[in-house]
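>
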Amino acid sequence: MTSEKGHHINGSRGFTLVELLIVLVIASILSAIAIPSMLSQRRLTRFTALTREFSSQLRFARQLAMSERQAITFQYDDSTKEIKIIDHNNDPTVATSGTAVLANSYPSTAPPAQVIVTVSLLQGGLTDTEIGYGVPTISTGLSTGHPAVPTSLGDGTTMTTLASNKINITFQADGSVVSPAGVPVGGVTLSAGTRMDSAIFIFDNQAADATASAISVLGTSGRVKVWRLTNANTFAE
13 MTSEKGHHIN
23 GSRGFTLVEL
33 LIVLVIASIL
43 SAIAIPSMLS
53 QRRLTRFTAL
63 TREFSSQLRF
73 ARQLAMSERQ
83 AITFQYDDST
93 KEIKIIDHNN
103 DPTVATSGTA
113 VLANSYPSTA
123 PPAQVIVTVS
133 LLQGGLTDTE
143 IGYGVPTIST
153 GLSTGHPAVP
163 TSLGDGTTMT
173 TLASNKINIT
183 FQADGSVVSP
193 AGVPVGGVTL
203 SAGTRMDSAI
213 FIFDNQAADA
223 TASAISVLGT
233 SGRVKVWRLT
243 NANTFAE
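The sequence shown runs contiguously to residue 249 in this note's numbering.
1. Compare the Cα-Cα distances from A226 to each of A77, R81, P148, S233 and report the closest residue.
2. When DSSP labels each residue in this structure, what does D186 get in the three-state scheme?
3. Give the secondary structure of V161 by DSSP, where H, G and I count as helix, E and B as strand, and everything else as coil.
4. Checking 8 angstroms against the spacing of the C-beta atoms, do K237 and D167 come in under that value?
5. Between the beta-carbon of N217 and the beta-carbon of V161, is there less than 8 angstroms?
6. Do three or more CB pairs link the stretch 170-186 to the stretch 88-95 at distances below 8 angstroms?
7. In this structure, how does DSSP classify I179 when only helix, strand and coil are distinguished?
8. Tell me, please, which residues DSSP counts as bridged to L265.
9. Can you tell me the Cα-Cα spacing of L230 and T169, whole angstroms?
10. With DSSP collapsed to three states, give me the class of L29.
11. Going by Cα to Cα distance, which pick from T152, T182, T173, Q184 is closest to A219?
12. Closest to F213 by CA distance: which of I150, Y145, I97 is it?
13. Assign L29 to one of two classes, buried (16 or more other C-beta atoms within 10 Å of its C-beta) or exposed (fewer than that).
14. Under the rule that 16 or more other beta-carbon atoms within 10 Å means buried, what is I97, buried or exposed?
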């Protein structure tokens, strides 16, 4: 009886210290593997949402211009990481001078234009140092040996250069876009056959090759398209 009782007690004594240490080591290894993957997935999810915000606000600006039958400007400020939608309040000069009216120093020099929407991109944990404009390089997060990322897209659009850290894309009442000089694009022959389209290139410098994206706007139609960098080092819709 005594022997059986002692055996029962020994068999239910729980984990030994060695067994507990083994469990902790295994848990630590699994955490070391899983946490970076979770952080990477979270970063991709956040940046996908950011790209979607760009395209949504561009489409909203175009829709508003067509519904109100007047010029509406989408403005991205890379210094503040903000998107603004600007109503020109039927300013008659916008029909011919477009972005020339909307100076890059807006709003102080562009009455009667009025900001009707302001969206901060610094949400969901993103910081201003993470959001990069342009195409990534080795110094901004690309893996060593990664080929140069292209600055043109499959629809013929190329990256729009920031002016005073801003981009202004002004939609006309028919949904088309005016050139940087303010000339309406639809049906206009521009010097050297230049297409006045726009393309915004962005990336997260903590995961550059996984997040490099672009949003293009075709001038004659105002169509907005979203592109992402593929494993083949090209941008695909």
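Every residue gets a Cβ at the ideal spot worked out from N, C-alpha and C, and that includes glycine.
Per the coordinate set shown:
1. By 1-based counting over the sequence shown, the position of residue 226 is 214. The shortest C-alpha separation from A226 is found at P148.
2. If you number the sequence shown from 1, residue 186 lands on position 174. In the structure shown, D186 sits in coil (DSSP, three-state: anything other than H, G, I, E or B).
3. For this step, residue 161 is matched to residue 149 along the sequence shown. Reduced to three states, the DSSP call for V161 is coil.
4. Sequence index remark: in the sequence shown, residue 237 carries index 225 (1-based). Sequence index remark: in the sequence shown, residue 167 carries index 155 (1-based). Yes.
5. Residue mapping note: residue 217 aligns to position 205 of the sequence shown, counting from 1. Residue mapping note: residue 161 aligns to position 149 of the sequence shown, counting from 1. Not a contact, by the Cβ cut-off of 8 angstroms.
6. yes
7. Taking the sequence shown and counting its residues from 1, one reaches residue 179 at position 167. Here I179 sits in strand by DSSP.
8. Any answer about residue 265 is impossible in this case: the structure gives the chain only from 13 up to 249.
9. Along the sequence shown, one-based indexing puts residue 230 at 218. Along the sequence shown, one-based indexing puts residue 169 at 157. Going by the C-alpha atoms only, they are around 8 angstroms apart.
10. The residue labelled residue 29 in the question sits at position 17 within the sequence shown. Here L29 sits in helix by DSSP.
11. Your numbering for residue 219 matches position 207 in the sequence shown. Of T152, T182, T173, Q184, the residue nearest in Cα terms is T152.
12. Start at 1 with the first residue of the sequence shown, and residue 213 comes out as number 201. Checking every option, the nearest Cα to that of F213 belongs to Y145.
13. Along the sequence shown, one-based indexing puts residue 29 at 17. When all chains shown are included, L29 counts as exposed.
14. Counting from 1 along the sequence shown, the entry for residue 97 is found at position 85. Counting Cβ neighbours within 10 Å, I97 comes out buried, since at least 16 surround it.
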